[in-house]
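Residue numbers (full-length UniProt numbering): 1 to 782.
Every residue gets a Cβ at the ideal spot worked out from N, C-alpha and C, and that includes glycine.
Here is the structure we will look at, set down as structure tokens.
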Ligand SMILES: Nc1ncnc2c1ncn2[C@@H]1O[C@H](COP(=O)(O)OP(=O)(O)OP(=O)(O)O)[C@@H](O)[C@H]1O
């Protein structure tokens, strides 16, 4: 490794190699500054232009979007712009970085290769055994714009000498850069790993996007990192297709999404929508917490049947008849009419809201015949003196008259009220809200459930939605069908709003007309105000509304994403899988998780079970085997707990040792709080490093506020140095030091308690303390 040395006077004497690389890196930063400035100038210039044809305006809008993206893109890659260099056998040197930069003169030679470009691949894959034409791989470490160190790996063994690079785990590349990254203190936000992606990770990141790819891997194997880099790689490589359809990334909770939210911008990607499951139904934010049992019940695949029954329950017929007064004429919708109409509408197998029009046609038809019978009978039909009518032809109504009657019947509020009673148009929210707040409705829809299970579904009218409700709302939306009338109403409302905006704009235009024109009133001279109606202006406003694909996707329940990535996928219920599969009809998916870490009782212990209903056996399975987070000493303890979860499972191999064994201590239960505070103080005594205190759910509210300086619970500020969380809240996160409180209670709290403890023990990057009130649980005794 090369690094600068200091003279006695303190001046830094640059290593000549470092100085050479510094020159190149400074040149790249100069080019980056130019590119950013150029994008800024272009943005400012298109923003100044107004007017033009609709095509010109639309072109202008896409330019605005493009230059805005570029300014953000160049801004996000300043740190670590260039991090690698490959020296090939051919004598060619390639520099690798966060984006591609080309020479703006001559042949547009690449000055810096984007890490995702095919030519960068040997940086991640080349080994001494398979050098892929690479003689030397160099990691360039920078601080800001300054090169601070160089790590070289010589892959040509004749040059490297008899000994290849030594690693604890086979197959690791760029060891010193990797260890520098792994040993660094955590900040509370996940960082990108573009500088040190390992070969087994690279193969997943660049795998073919078609079909379902399952990435199984133990804790700390980089599943989340790989998933995010895969999103960035796919957007780079399949830009055309994916920027139009966007990539959806689903994570287990909001804390986790905040934790990973800055990785993608720093990878300079924006065509991605990050969501928890609870946010996947537009307009709903499902935050209410319910019991695990209730969530598990709502997650069962059988809930589709429950919803179907709940909908049928809303398709009612009167016991005898509904009386309707139409134009002062009493009409009767008999049980028979309603049953016939219902039979007809159900037989169509259309979604409930779509079938309503069939139901309506049938009922209105029957009522129109009833009316025609009454008012359309010729009183002189049997009178031989009756003028034109032939005897025996009592009907004097023409089809046109009947059609008019039907139209009037349909428009009649009383008829509509009766129709709504029998076959209401329902939104998913109304169907589910009405169902869960009524014990009778629940009973009608759940003949297979026990009373105790039914009680789990019942809630108060003011209780909000829970994450487990979201797949049910989505399923209900499918079964009900969109209510087109609502969509039309919304469109009409928007059109009016835009027209109102346009009226205002026209007034301004009109007000600014030259006075002499007003005076001349020359009919031949057309002004902008004459040419533009408010309607046209309104439509143009619509055209100008620019949204990225990810933003549009967030508002559209039926959006079909180009690719879907699911992190911590083991937690998803059967109903949740249905939602995700609907959002991804192409089945281009990356599913990332660890069945040994499943904590949610509705979650999965087998990938085959969740996937086979959708793709049969047509899914690929890859495994990550190296743990980059948790040191070997701590993994040895975690391995004991994993054996309890499933004796057949093996923990991933840790890439490093720290020499610091975990501390597992029994203590007097009465002293628990003091011991927790003392342990946190001890860990916080150093200058940096984040501390996670992981507690049983039941203790969060009482213990959390007692830990000095700690942020507590789901909404905890991730930048805080000390956080107190439940294990579920800490899923996917990591800390330099972790204090696990009362492991026995964590295990006892849930049917998947051992998995929860395994998750807790695998969060630290450096140190682990386990505080056990009473005695150390058997599964933690060495
Ligand atoms: N190639 C790599 N270079 C540097 N750091 C890495 C690399 N791979 C993983 N890491 C780091 O290892 C840690 C664990 O990664 P990550 O959170 O993605 O693992 P995970 O498999 O999702 O873990 P878990 O299942 O426990 O949530 C992170 O700090 C990540 O940045």
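For residue i, which of the options has the nearest alpha-carbon?
i           : options            : result
residue 15  : 130, 146, 303, 105 : 146
residue 434 : 482, 678, 307      : 307
residue 250 : 101, 565, 234, 428 : 565
residue 611 : 94, 221, 570       : 570
residue 28  : 99, 638, 353       : 99
residue 452 : 73, 124, 343, 297  : 297
residue 738 : 689, 708, 275, 755 : 689
residue 287 : 96, 346, 469, 424  : 469
residue 216 : 697, 607, 707      : 607
residue 141 : 127, 133, 179      : 179
residue 672 : 742, 448, 709      : 742
residue 328 : 353, 409, 446      : 409
residue 402 : 372, 675, 425      : 372
Does residue i come out as helix, strand or coil in the three-state DSSP assignment?
i           : result
residue 325 : strand
residue 602 : coil
residue 334 : strand
residue 469 : helix
residue 265 : helix
residue 108 : coil
residue 570 : helix
residue 367 : helix
residue 24  : helix
residue 423 : coil
residue 765 : strand
Quick one: is the Cβ of residue i within less than 7 Å of any heavy atom of ligand 1?
i           : result
residue 224 : yes
residue 80  : no
residue 178 : yes
residue 127 : no
residue 201 : yes
residue 562 : no
residue 632 : no
residue 308 : no
residue 191 : yes
residue 198 : yes
residue 734 : yes
residue 762 : yes
residue 730 : no
residue 182 : yes
residue 116 : no
residue 600 : no
residue 70  : no
Which value, in whole angstroms, describes the spacing of the CA atoms of residue i and residue j?
i           : j           : result
residue 772 : residue 762 : 17 Å
residue 109 : residue 101 : 9 Å
residue 44  : residue 551 : 24 Å
residue 291 : residue 656 : 39 Å
residue 450 : residue 590 : 37 Å
residue 628 : residue 779 : 24 Å
residue 766 : residue 623 : 24 Å
residue 728 : residue 713 : 10 Å
residue 24  : residue 663 : 48 Å
residue 722 : residue 692 : 6 Å
residue 770 : residue 679 : 10 Å
residue 253 : residue 641 : 24 Å
residue 105 : residue 35  : 14 Å
residue 755 : residue 636 : 15 Å
residue 632 : residue 740 : 18 Å
residue 432 : residue 311 : 10 Å
residue 235 : residue 366 : 57 Å
residue 18  : residue 149 : 7 Å
residue 221 : residue 51  : 54 Å
residue 776 : residue 666 : 5 Å
Assess contact between the segment 56-76 and the segment 115-132, defined as three or more Cβ pairs (one per stretch) separated by less than 8 Å. Is contact present?
no
Report yes or no: do three or more beta-carbon pairs, one from the segment 633-652 and one from the segment 242-256, lie closer than 8 Å?
no
Between the segment 408-416 and the segment 265-284, are three or more C-beta pairs nearer than 8 Å?
no
Segment contact, 8 Å Cβ cut-off, at least three pairs: the segment 184-192 with the segment 557-564
no
Would you call the segment 702-718 and the segment 747-755 in contact, with 3 or more CB pairs under 8 Å?
no
So, do the segment 588-603 and the segment 201-213 have three or more beta carbon pairs nearer to each other than 8 Å?
yes
Contact the segment 328-335 vs the segment 452-464: 3+ CB pairs below 8 Å:
no
Check whether the segment 575-585 touches the segment 472-479, taking contact to mean three or more Cβ pairs, one atom from each stretch, closer than 8 Å.
yes
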